[in-house]
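Protein chains in written order, with our numbering: chain E, 1 to 405; chain P, 1001 to 1405.
Each residue gets a CB set at the ideal place from its N, CA and C atoms; glycine is no exception.
Single-structure report; data block below.
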């Protein structure tokens, strides 16, 4: 049911970054559920992680280790290793140690990532048994297979890639992501991996990733539920024949930032397009706020309202529900007589009431589309924020009622 | 699909408070959709109203007039008269003026209430035409018919009644409520009317109503959407042969407060039991918080999570989703190792991880019931809060996708 999400685009290999996929049979036999990624020696690595207080064991470990010299990222699906306490931490550490042993690197150079059911013990032996095959499979042109290997309730793999030329040298930024439910990322998405062959100093790489996720992964919501396992990683292998980028300035930095933002945005929006049960891709834009936070409060009140989401599913321009959500968003001293609301290009509410020019037919025409824009003009200031979300369909309830059966 | 909600209990008449019902044919011909309530001269009246910034025209008018001498409450269903701007205010005032004219009272003594679709013009003529029949129908034993007359997507009428004896005199508290969707009352519920024949000074009556709603109507949520039309009214007719209650002290005050709290709680819970598509009645209790607000933040994060609500619908003890919601509730410096979670009497999580004694069978046995308790022990302090909510079912999506068709 993905909305406007086609087959994977061309995912350019990133020199110095290899991917290997294997089957551990964690949830279903034969399913690709273990992905190993190898970063060339000297790579810098940045990561952003869930702010959920119940963050999973692998998140705790990856956060700790990302500051050091990272060589391998080890991902499994089918089990989140979250809510598993101390045994969960030991299990995550064991799988990393085994990979380190096989690869001949320090244990601390391996970062673990898990996604799947919360609260069940990680099947360590199954994952360990799959590691040799994953290592044997490592190659730079394995992005598309890896994008499938990290899927859970996703219906389609998600990837994005950009290249730019600087001083006659081609630089690549390629990424993959997964996620379709429990999506309201807070510092990161469910799982995202982006690599570039640019050479970037680590503190700057972390800043770049933080800025990119704040405008992409941190602006999407499907169900308002922030996951325990959200992680987004950015690897810079430095294999390109260009100088290291050490500061947020200059043309090379600007081009890399642009490519990274585009890849992040495409990956984040792909998650929404593949949202559980999604039949609509909805852009909620809030303009004219006094602060960015109040724009976000209004945007999320709209994006999380089950009444608006079911109306979107029904293609029903029930704009009263949008006004009601704006009104309950908690914006202090909100003067509704300054508010205009647009559905696509159609003005549905003007100065807080039904727009005199509005007809139900105009609203219905916009709602009939698969991609819908809701624009709210608060008339209080100069701040804007944009959030992407989905509708709430019968299929959403079915998927989540039957998730563990 | 209401959960544990039977036929109306006996609703004792309240001397000095009469109800009359008529059909205006607002949404469907023949449906009872206009209710007039008459308060005896000398009654005191208190009201609590939605905090939604887009509050409806009748709410604006009723808030303004409740401080004066109130004689009539005029309610229509089928049209919320919200998001209707200045014309909506004039329309509400016109219906009140017509009732005042027919009844021979000041226009300011009539308070309007509307519920139904947002954003459509109020059919003033239809309502005016129904007023003579409603007035002719006024009687003290019309509570049950009025409970039906204020319904919209409700499947069952909702009422509660208590009597107590003081100094050999019987005092009555009776109320009705409506609401099934767009329910996260903020100072009030969709619509609630409670009357007593006690004599209570107005400021004290307002305090009593505020305290009662804060523990009942303001602790229920179905979909997290605060309505534009929430109102709860409390009328004290003073017809009983007992002294006026002027202060929050003494046995009579204590008995009245107890009866009012019981009626409010029963009415509020009835709204949840009849929640749109509800198949479960869920009590979320959060104990051990450092503040009441953090207990509410955790409780609402759980009560609003579509992932938890769909798991409840599926009777699936997917407790990892509960941990995830607690973890994202925004409680500062939350130490998950102090947290225990119970499903009914079954400890599912102990010290932040799966309880060693927990088995899936125990969880499934609790989830199979129609009434489910989720108890979260934060281990941070002495504050507690309780919230009532429902599951999220296929029927919820169906009702709200088809609401206007």
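- Residues of chain P whose Cβ lies closer than 9 Å to the Cβ of residue 313 of chain E are, in chain order, 1397, 1400 and 1401.
- Secondary structure of residue 1112 of chain P (DSSP, three-state): strand.
- A distance of 7 Å or more separates the beta carbons of residue 68 of chain E and residue 40 of chain E.
- Interface residue (Cβ-Cβ distance to chain E less than 7 Å): residue 1310 of chain P is classified as such.
- For residue 315 of chain E, same chain residues with a beta-carbon under 6 Å away, outside a window of 5 residues either side, are 367 and 368 in chain order.
- Residue state for residue 211 of chain E is assigned as helix, using DSSP reduced to three classes.
- For residue 1327 of chain P, the enclosing alpha helix (DSSP H) stretches over residues 1319-1327.
- Per DSSP, the unbroken beta strand (DSSP E) holding residue 1234 of chain P starts and ends at 1231-1236.
- Contact of residue 1223 of chain P with chain E by beta-carbon distance below 8 Å involves 305, 306 and 307.
- Contacts with chain E (Cβ-Cβ distance below 7 Å) from the segment 1197-1209 of chain P involve no residue at all.
- Here the alpha carbons of residue 11 of chain E and residue 1271 of chain P stand approximately 53 Å from one another.
- Within chain P, the residues placing a beta-carbon under 7 Å from that of residue 52 of chain E are 1324, 1327 and 1328, ordered along the chain.
- DSSP, reduced to helix, strand and coil, places residue 1366 of chain P within a helical segment of the structure shown.
- For residue 354 of chain E, a Cβ of chain P is located within less than 7 Å of the residue's own Cβ.
- If you check the CB distance, residue 352 of chain E and residue 336 of chain E come in under 7 Å.
- Between residue 1070 of chain P and residue 1114 of chain P, the beta carbon gap of about 17 Å keeps them out of contact (Cβ cut-off 8 Å).
- Interface with chain E (7 Å Cβ-Cβ cutoff): residue 1213 of chain P is excluded.
- Counted as a single uninterrupted DSSP element, the beta strand (DSSP E) harbouring residue 1372 of chain P occupies residues 1371-1377.
- For chain E, the residues of the segment 1382-1393 of chain P that bring a beta carbon within less than 7 Å of one of its beta carbons are 1392 and 1393, in chain order.
- Partner residues in a beta bridge of residue 64 of chain E, as assigned by DSSP, do not exist.
- Annotated as distal: residue 274 of chain E and residue 50 of chain E, with beta-carbon spacing of 7 Å or more.
- For a Cβ distance threshold of 9 Å, residue set 1083 and 1119 of chain P lies close to residue 349 of chain E, ordered along the chain.
- Residue 1227 of chain P sits in coil when the DSSP states are folded into three classes, being neither helix nor strand.
- The criterion of a C-beta distance shorter than 7 Å is satisfied by residue 1111 of chain P and residue 1073 of chain P.
- Contact residues of the segment 225-237 of chain E toward chain P are 225, 226, 227 and 228 (C-beta to C-beta distance below 8 Å).
- As a beta-bridge residue in DSSP terms, residue 340 of chain E pairs with E/377.
- In this chain, the beta strand (DSSP E) harbouring residue 384 of chain E covers 383-390.
- With respect to the 7 Å criterion, residue 1354 of chain P and residue 119 of chain E are classified as neighbours on the basis of their beta carbons.
- Under DSSP, residue 38 of chain E shares a beta bridge with E/18 and E/72.
- Under the 8 Å Cβ criterion, the segment 1372-1380 of chain P counts as touching the segment 1278-1289 of chain P, having at least three qualifying pairs.
- Of all residues in the segment 282-303 of chain E, none is placed with a Cβ closer than 7 Å to any Cβ belonging to chain P.
- In the three-state DSSP reduction, residue 89 of chain E falls in the helix class (H, G or I).
- Between residue 283 of chain E and residue 393 of chain E, the C-beta spacing is not below 7 Å.
- Boundaries around residue 1299 of chain P are those of the alpha helix (DSSP H), 1292-1304, since no beta strand (DSSP E) includes it.
- Across the set P/1361, P/1150, P/1304 and P/1350, the C-alpha of P/1150 shows the shortest separation from the C-alpha of residue 1021 of chain P.
- Residue environment: residue 163 of chain E is assigned as exposed (fewer than 16 neighbouring CB atoms within 10 Å of its CB, all protein chains considered).
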